[in-house]
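S.K.: Sequential numbering from 84 applies to the sequence shown in this note's numbering.
Where is the CB? At the ideal position from N, CA and C, for every residue including glycine.
The following block contains the structure, expressed as structure tokens.
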Amino acid sequence: MSGEHSNREGHRNAAGPNELKFETRLLHFGQEIDEATGASSVPLYQASTFHHHDIHSPPLHDYSRSGNPTRQVLEDYIAQLERGACGFAYASGMAAISSTLMLLSSGDHVIVTEDVYGGTYRLLTSILSRLGIECTFVDMTNLDQVKEALRSTTKAVYMETPSNPTLKITDIEAVSCWAREEGLLTILDNTFMTPLYQRPIEFGVDIVLHSATKFLSGHSDVLAGLAVARTEELGQRLKQLQNGLGTVLGVQDSWLLMRGMKTLGARMAHSEQSAAKLAAWLSGRSDIQAVHYPGLFHHPGREIHEKQSSGYGAVVSFDVGSGQRAKEVLNAVKLPLVAVSLGAVESILSYPAMMSHAAMGEQVRHERGITDGLLRFSVGLEDIDDLISDLSQALEASI
């Protein structure tokens with residue numbers, strides 16, 4: 084595959100990093116040892132510019148906005164994990180999303196998952212709309228609705244699966260196959276699953292996006308975004324936008340993100356096991372209106388999810404019945420952070436109506452199933468029995 088190469092030399096694995104199991108590749112990705120010194124960590128090239136030793140032969144890197152050796156290792160790393168051709172690192176998840184959507188031009192139209200992340204919704208409806216880029220939000224679980232949204236000006240399909248926060252499942256291969264027949268670009272936000280559990284490029288997606296702030300980094304201390312292009316040609320177009328817009332990730336954050344990614348397998352395995360137990364416990368409570376988690380037998384689209392993903396993730400959303408009760412629960416819990424974001428070593432309990440999806444109007448949120456009583460629980464590394472005990476007392480106190 085085109086993504087099995089690296090832009091830098093120094094692969095130590097005779098079999099090639101892509102022939103190893105995923106958890107091994109997280110640690111042995113080909114550039115984990117510095118060739119010059121043998122250091123067990125990628126060097127931080129804290130430099131904004133690079134000397135031209137020979138003006139007739141420019142160096143590989145000349146200015147850190149255009150390319151930095153530390154960031155380059157990270158970009159090769161995520162490309163290899165996602166089985167893509169080229170990777171790109173950005174200052175935030177929204178920087179990755181906005182830079183990618185700048186592939187579109189005025190007059191273009193994009194079909195989008197209806198319950199998409201609130202920041203993406205805000206970008207599409209209040210910023211890109213001013214540039215003449217239009218969008219239609221559809222229930223991406225229904226392929227007929229996707230097809231019905233097609234216009235003569237449609238240029239792309241933007242997927243999020245599982246969606247945030249209702250965890251709806253899109254058939255990646257079905258949508259990508261139809262989009263390819265129509266000549267459309269396919270983009271997928273893979274933040275919830277990460278390449279550990281889901282590799283959309285293998286199902287035909289053109290560009291995979293991550294808010295690397297979340298599970299990939301995993302420690303609530305890095306703001307970062309990543310994109311992976313399926314082909315070199317598409318990668319060149321993304322590179323031009325990344326360089327032109329200057330939306331790059333800094334050296335320190337690139338290094339911290341790589342450090343976090345090394346433990347992704349262990350962190351996700353623990354958190355997913357706990358999330359499954361939490362979802363089952365919530366499902367057994369009569370005071371919970373709904374529980375959303377792909378690992379539940381009754382979750383819509385579970386069979387499709389299992390076809391395209393090897394895990395269920397660590398995010399559980401549940402409806403406590405009303406906005407008032409949701410706020411009471413948030414004020415009563417003691418262990419999880421009550422905060423924006425997800426995917427960290429510590430559990431995070433969020434309130435989409437006031438946090439991640441505050442940019443959506445109330446009616447729009449409700450139409451997408453994002454009710455006033457909906458809470459999103461990102462399960463961390465605490466003992467799950469402690470988390471359940473804490474949430475139990477908070478729920479009991481709010482009745």
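1. Kindly indicate which three-state DSSP category residue 208 falls into: helix, strand or coil?
2. If we ignore side chains and look at the alpha-carbon of each, how far apart do residue 389 and residue 202 end up?
3. With a floor of 3 residues, list each beta strand (DSSP E) that falls wholly inside the segment 249-331, ordered by position along the chain.
4. Quick one: is residue 380 buried, meaning 16 or more other Cβ sit within 10 Å of its Cβ, or exposed?
5. Under 8 Å Cβ to Cβ from residue 92, same chain only, skipping five residues before and after it: list those, please.
6. What number of angstroms, rounded off, separates the C-alpha of residue 360 from the C-alpha of residue 384?
7. Could you compute how far the alpha carbon of residue 427 sits from the alpha carbon of residue 139?
8. Between the segment 168-182 and the segment 224-235, can you find at least three pairs of beta-carbon atoms closer than 8 Å?
9. Is residue 88 helix, strand or coil by DSSP?
10. Which partner residues of residue 170 appear in the DSSP bridge assignment?
11. Could you check the C-alpha separation between residue 198 and residue 121 for me, to the nearest Å?
12. With three or more C-beta pairs closer than 8 Å as the rule, is the segment 268-276 touching the segment 237-244?
13. Can you tell me whether residue 110 is buried or exposed? The criterion is at least 16 other CB atoms within 10 Å of its CB, across all chains shown.
14. Let me make sure I understand the geometry here. Which of 457, 338, 348 has the alpha-carbon closest to that of residue 106?
15. Which whole-angstrom value is the C-beta distance of residue 154 and residue 291, which I expect to be below 8 Å?
16. Could you tell me the distance, in whole angstroms, from the CA atom of residue 89 to the CA atom of residue 298?
17. With respect to the alpha helix (DSSP H) encompassing residue 470, which residues constitute its N-terminal and C-terminal limits?
18. Please return the same chain residues whose Cβ sits closer than 6 Å to the Cβ of residue 200, not counting the five positions on each side in sequence.
19. In three-state DSSP terms, what is residue 110?
20. Three or more C-beta pairs under 8 Å: does that hold for the segment 246-260 against the segment 445-461?
21. Excluding the 5 residues flanking residue 438 on each side, which residues of the same chain have their C-beta closer than 7 Å to its C-beta?
22. Going by other Cβ atoms of all chains shown within 10 Å of its Cβ, with 16 needed for buried, is residue 414 buried or exposed?
23. Would you mind listing the beta strand (DSSP E) stretches within the segment 329-391 that are 3+ residues and don't spill past its ends, in chain order?
24. What do you get for residue 163, buried or exposed, if any count of 16 or more other CB atoms within 10 angstroms of its CB means buried?
25. So who's on the other strand from residue 239, going by DSSP bridges?
26. In this structure, does DSSP put residue 160 in helix, strand or coil?
27. If residue 191 sits next to residue 236, beta carbons under 8 Å apart, how far is it from one beta carbon to the other, in whole angstroms?
28. Less than 6 Å between C-beta atoms, sequence neighbours within five positions excluded: which residues of the same chain meet that for residue 356?
29. Rank 266, 206, 279, 258 by C-alpha distance to the C-alpha of residue 286 and give the top, closest one.
30. Quick one: is residue 451 buried, meaning 16 or more other Cβ sit within 10 Å of its Cβ, or exposed?
31. Along the chain, where does the alpha helix (DSSP H) that runs through residue 447 open and close?
32. For residue 130 and residue 147, I'd like the C-alpha separation in whole angstroms.
33. Tell me whether the beta-carbon of residue 358 lies closer than 7 Å to the beta-carbon of residue 409.
34. Let's see if you can read the secondary structure: which residues bound the beta strand (DSSP E) around residue 219?
M.R.: This is what the structure gives:
1. helix
2. 27 Å
3. 268-272, 290-294, 308-312
4. exposed
5. Model confidence at residue 92 stands at a pLDDT of 34, short of 50, so the residue's coordinates are unreliable; what they give is reported in the following sentence. Here the set comprises 118.
6. 20 Å
7. 47 Å
8. no
9. Residue placement at residue 88 cannot be trusted, given a pLDDT of 32 that sits under 50; what the coordinates show is reported in the next sentence. Note: residue 88 maps to coil in three-state DSSP.
10. 311
11. 47 Å
12. yes
13. exposed
14. 348
15. With a Cβ gap of about 18 Å, residue 154 and residue 291 do not count as contacting.
16. Any reading at residue 89 must be qualified, since the residue scores a pLDDT of 36, below 50, and its modelled position is unreliable; no value is offered.
17. 467-480
18. 247
19. coil
20. yes
21. 423
22. exposed
23. 373-375
24. buried
25. 193, 268
26. helix
27. 6 Å
28. none
29. 258
30. buried
31. 445-450
32. 7 Å
33. no
34. 217-221
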